[in-house]
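If you're matching positions, the sequence shown starts at 47 in the working numbering and goes up one per residue.
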Amino acid sequence: MWENKKTFNGGEVSYKTLTLSRSYKKKDEEIWRNEAINNLRRNDLAKVMAILQKAQDYLFFEDVKTHEEDKEDREEDE
């Protein structure tokens, strides 16, 4: 999950994006490889769904709570 920022209507806004990738190592090599997930196998579906559900939970609940706490802290400092 990545934090991104851009200028919008004269102000800076932040938003998060999610990148799905797979890490693997071939049997005859000691090198870890990473690849973007472009094709899903049947066995991948449940795993990807669980990962996306956790990302959604974070974005809708934890991240909102964190931003609210940050806002309260800034208001107390004023």
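A virtual CB, placed ideally from N, CA and C, is assigned to each residue, including glycine.
Quick one: what's got a C-beta closer than 6 Å to residue i's C-beta in the same chain, skipping five residues either side?
i   : result
M48 : This sequence places Trp at residue 48; Met is not what is there. Here the set comprises T63.
Among the residues of its own chain, which have a CB less than 8 Å from the CB of residue i, if the five just before and after it don't count?
i    : result
D109 : K62
W78  : S69, Y70 and K71
S67  : N80, E81, A82 and I83
V94  : L66, I83 and L86
Name the two residues that bound the continuous alpha helix (DSSP H) containing residue i.
i   : result
N89 : R88 to D103
If I follow the unbroken beta strand (DSSP E) through residue i, where does it start and stop?
i    : result
E108 : Element bounds for E108: n/a, residue is neither H nor E.
N128 : Only positions 47 to 124 of the chain appear in this structure, which leaves residue 128 out of reach.
Ranges of the beta strand (DSSP E) found wholly within the segment 57-83, counting only runs of at least 3: Here the runs fully enclosed are 57-63, 67-71 and 78-82.
On the three-pair Cβ rule with 8 Å, is the segment 90-100 touching the segment 53-60? Because the criterion of three Cβ pairs below 8 Å is not met, the segment 90-100 and the segment 53-60 do not touch.
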